[in-house]
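Trainee: In the working numbering, the protein residues as written are 134 to 496.
(1) Could you tell me the alpha carbon to alpha carbon distance between residue 166 and residue 192, rounded to whole angstroms?
(2) State the Cα-Cα distance for the pair residue 353 and residue 310, rounded to the nearest angstrom.
(3) Run the CB neighbour count on residue 391, radius 10 Å, all protein chains shown included, and call it buried at 16 or more, exposed below.
(4) Please give the ranges of any alpha helix (DSSP H) in the region 233 to 283, keeping only runs that are unbroken, at least 4 residues long and fully inside the region.
(5) If we count the other Cβ atoms within 10 Å of its Cβ and call it buried at 16 or more, is residue 211 buried or exposed?
(6) Using a Cβ-Cβ cutoff of less than 6 Å, which residues in the same chain neighbour residue 155 once the five nearest sequence positions on both sides are dropped?
(7) Does the region 327 to 334 come within contact of the region 373 to 386, defined as at least 3 CB pairs closer than 8 Å?
(8) Could you tell me which residues DSSP pairs with residue 438 in its beta bridges?
(9) By DSSP, does residue 432 sit in helix, in strand, or in coil?
(10) Using the Cβ count rule (16 or more neighbours within 10 Å means buried), how would you classify residue 406?
(11) Identify which residue in 324, 287, 337, 328 has its Cα closest to the Cα of residue 301.
(12) DSSP on residue 218, reduced to helix/strand/coil?
(13) Which value, in whole angstroms, describes the spacing of the CA atoms of residue 450 and residue 344?
(14) Which residues mark the beginning and the end of the beta strand (DSSP E) in which residue 179 is found?
(15) Going straight from the alpha carbon of residue 350 to that of residue 281, what length do you get?
(16) Tell me where the beta strand (DSSP E) around residue 143 begins and ends.
(17) Under the rule that 16 or more other beta-carbon atoms within 10 Å means buried, what is residue 327, buried or exposed?
(18) Counting only beta-carbon atoms, is residue 247 nearer than 8 Å to chain B?
(19) Looking only at DSSP bridge pairs, what is residue 366 linked to?
(20) Does residue 421 pass the burial test, meaning 16 or more other C-beta atoms within 10 Å, or should it be called exposed?
(21) Just verifying my parser: in three-state terms, what is the DSSP assignment at residue 295?
(22) Give the DSSP bridge partners of residue 289, in chain order.
(23) Can you tell me whether residue 186 is helix, strand or coil according to DSSP?
(24) Using the rule of at least 16 other Cβ atoms within 10 Å of the residue's Cβ for burial, across every protein chain shown, is residue 136 buried or exposed?
(25) Can you check the region 340 to 396 for any beta strand (DSSP E) of at least 3 residues that lies completely inside it and give the ranges in chain order?
(26) Considering only residues of the same chain and omitting the five flanking positions on each side of residue 385, which have a CB-CB separation below 7 Å?
(27) According to DSSP, residue 425 sits in a beta bridge with which residue or residues?
(28) Out of 289, 293, 299, 324, which one is the CA nearest neighbour of residue 279?
(29) Relative to the C-alpha of residue 101, which candidate in 249, 288, 153, 472 has its C-alpha closest?
(30) Give me the residue from 408, 362, 389, 423 with the minimum Cα distance to residue 486.
(31) Leaving out the 5 sequence neighbours to the left and right, which residues in its chain are closer than 7 Å to residue 412 when beta-carbon positions are compared?
(32) Go through its chain and collect everything with a Cβ distance to residue 267's Cβ below 6 Å, but skip five positions before and after it.
(33) Just list the residues that DSSP pairs residue 467 with in beta bridges.
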């Protein structure tokens, strides 16, 4: 049976992604000074106001205003025009005592379920719709930085037809980009197709059957952008951040959170395990679900689903997991190097499918 699946990505100028990037810049600064920092400092944005709030237990000296304004300037705002409101406290001591039980005995910061997913349909072991959507935004972001007529707020959608669970063709590409009043719709369509869409599609010619429907700026006008056309806050793009709607998510966001927050570290490690199961040919698709409890060092449950694509028995897959991986909190952090300041670069273009991240390595 033929089905069409659509996934989306958003660029750094989308207010939610601006907030994700700022929050992860705070986390990186904390970890660069204090590897044991417990961070959950978020932000919200509207017009020229940025509200910074959350919890931080750390010895790091963080200039929140300076970091936020650096990101705002990179997005394309006049950062000095922003009013910054800050409300930050230390982590609840009740939570802290449940998490930090000696350096070798870190425990989960909260209860929660996480998912990791992988598929062999692309070289990144990611679903085709989301990986193409991310690449469109990455190429657009590189392009807009060279032009005074295009701005950083942008979105993409990619629709792919599947038959029997396998991608057959890219059916539709939608891109909306913010732009100067000086540009006509015709100019925008021509430029975005040649400078962005055609460059990305060159990598996916085997999925181009010659009739891809291309939609550019369907609103007709996108000159009011970012926080002046929308509001934003951390953690509202969890489908964009993960698998584009293919594969489940636990519900918790990633950005702003240090590694004892299993919403982040557990999801990264679950992706790591799922990717290795597929990369080693044990299954064509794999989804891992893991349950955690606050104050416990080990997960309370692990489940594996290969959607009937397994090439070996499910018992052999579980044996592979037990032999090669451990979801213990301290192991996930140490094995993936999650005390390093590597998180700002995760905030845009997806947390998965990019080899620069340690959870993407194949053992």
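Note that CB positions come from ideal geometry on N, CA and C, so glycine has one too.
As the structure is a prediction and not an experimental result, all values here were calculated from the model.
Mentor: In brief:
(1) If you number the chain shown from 1, residue 166 lands on position 33. If you number the chain shown from 1, residue 192 lands on position 59. Their backbone Cα atoms lie some 8 Å apart in a straight line.
(2) In the chain shown, the residue the question calls residue 353 occupies position 220. In the chain shown, the residue the question calls residue 310 occupies position 177. Residue 310 has its alpha-carbon roughly 10 Å from the corresponding atom of residue 353.
(3) For the purposes of this step, residue 391 is taken as residue 258 along the chain shown, with counting starting at 1. Buried.
(4) With a minimum length of 4 residues, the continuous alpha helix (DSSP H) runs that stay inside the region 233 to 283 are 261 to 277.
(5) The residue you call residue 211 lines up with position 78 of the chain shown. Residue 211 comes out exposed.
(6) Residue mapping note: residue 155 aligns to position 22 of the chain shown, counting from 1. The beta carbon of residue 155 sits closer than 6 Å to the beta carbons of 176, 201, 204 from its chain, once the five residues preceding and following it are set aside; these are given in chain order.
(7) The region 327 to 334, when compared against the region 373 to 386, does not touch it at the 8 Å Cβ threshold.
(8) Translated into the one-based positions of the chain shown, residue 438 becomes position 305. In the DSSP assignment, residue 438 forms a beta bridge with 420.
(9) Walking along the chain shown from the start, residue 432 turns up at place 299. Residue 432: coil per DSSP, three-state reduction.
(10) Translated into the one-based positions of the chain shown, residue 406 becomes position 273. The residue in question, residue 406, is buried, as its Cβ has 16 or more Cβ neighbours within 10 Å.
(11) Here residue 301 is taken as the residue at index 168 of the chain shown, counted from 1. Out of 324, 287, 337, 328, 337 has the C-alpha closest to the C-alpha of residue 301.
(12) Position 85 of the chain shown, counted from the first residue, corresponds to residue 218. Note: residue 218 maps to strand in three-state DSSP.
(13) Indexing the chain shown from 1 puts residue 450 at position 317. Indexing the chain shown from 1 puts residue 344 at position 211. Going from the Cα of residue 450 to the Cα of residue 344 covers about 40 Å.
(14) Residue mapping note: residue 179 aligns to position 46 of the chain shown, counting from 1. That run of the beta strand (DSSP E) goes 171 to 179.
(15) Taking the chain shown and counting its residues from 1, one reaches residue 350 at position 217. Taking the chain shown and counting its residues from 1, one reaches residue 281 at position 148. Answer to the nearest angstrom: the Cα atoms are 18 Å apart.
(16) As a working note, residue 143 is residue 10 in the chain shown. Run containing residue 143: 135 to 143, per the beta strand (DSSP E) assignment.
(17) Start at 1 with the first residue of the chain shown, and residue 327 comes out as number 194. For residue 327, the number of other beta carbons within 10 angstroms of its own is below 16, and it is reported as exposed.
(18) Of the protein chains in the structure, only one exists, and it is not chain B.
(19) Mapped onto the chain shown, residue 366 falls at position 233. Residue 366 pairs with 177.
(20) Residue 421 sits at position 288 when you count from the first residue of the chain shown. Burial call: buried.
(21) The residue labelled residue 295 in the question sits at position 162 within the chain shown. Residue 295: strand per DSSP, three-state reduction.
(22) Along the chain shown, one-based indexing puts residue 289 at 156. For residue 289, the pairing in a beta bridge is given by DSSP as 142, 308.
(23) Residue numbering aside, residue 186 sits at position 53 when the chain shown is read from its first letter. Strand.
(24) Position 3 of the chain shown, counted from the first residue, corresponds to residue 136. It is exposed - the Cβ of residue 136 has fewer than 16 other Cβ atoms within 10 Å.
(25) At a cut-off of 3 residues, the continuous stretches assigned as beta strand (DSSP E) that sit fully inside the region 340 to 396 are 346 to 349, 364 to 366.
(26) Working through the chain shown from its first residue, we reach residue 385 at position 252. The answer, listed in chain order, is 245, 396.
(27) Numbered from 1 along the chain shown, position 292 holds the residue referred to as residue 425. Its beta-bridge partners are 245.
(28) Your numbering for residue 279 matches position 146 in the chain shown. The shortest C-alpha separation from residue 279 is found at 324.
(29) Because the chain in this structure spans residues 134 to 496, residue 101 falls outside the shown range and cannot be described.
(30) Translated into positions along the chain shown, residue 486 becomes position 353. Shortest Cα-Cα distance from residue 486 to any of 408, 362, 389, 423 involves 408.
(31) Locating residue 412 in the chain shown gives position 279, counting from the first residue. Setting aside the 5 residues that flank it on each side, residue 412 is surrounded in the same chain by 258, 495, each with a C-beta closer than 7 Å to its C-beta; the list follows chain order.
(32) Here residue 267 is taken as the residue at index 134 of the chain shown, counted from 1. So the qualifying residues of the chain are 142, 482, 483.
(33) Numbered from its first residue, the chain shown carries residue 467 at position 334. The partner list for residue 467 (beta bridge, DSSP) is empty, contrary to what the question assumes.
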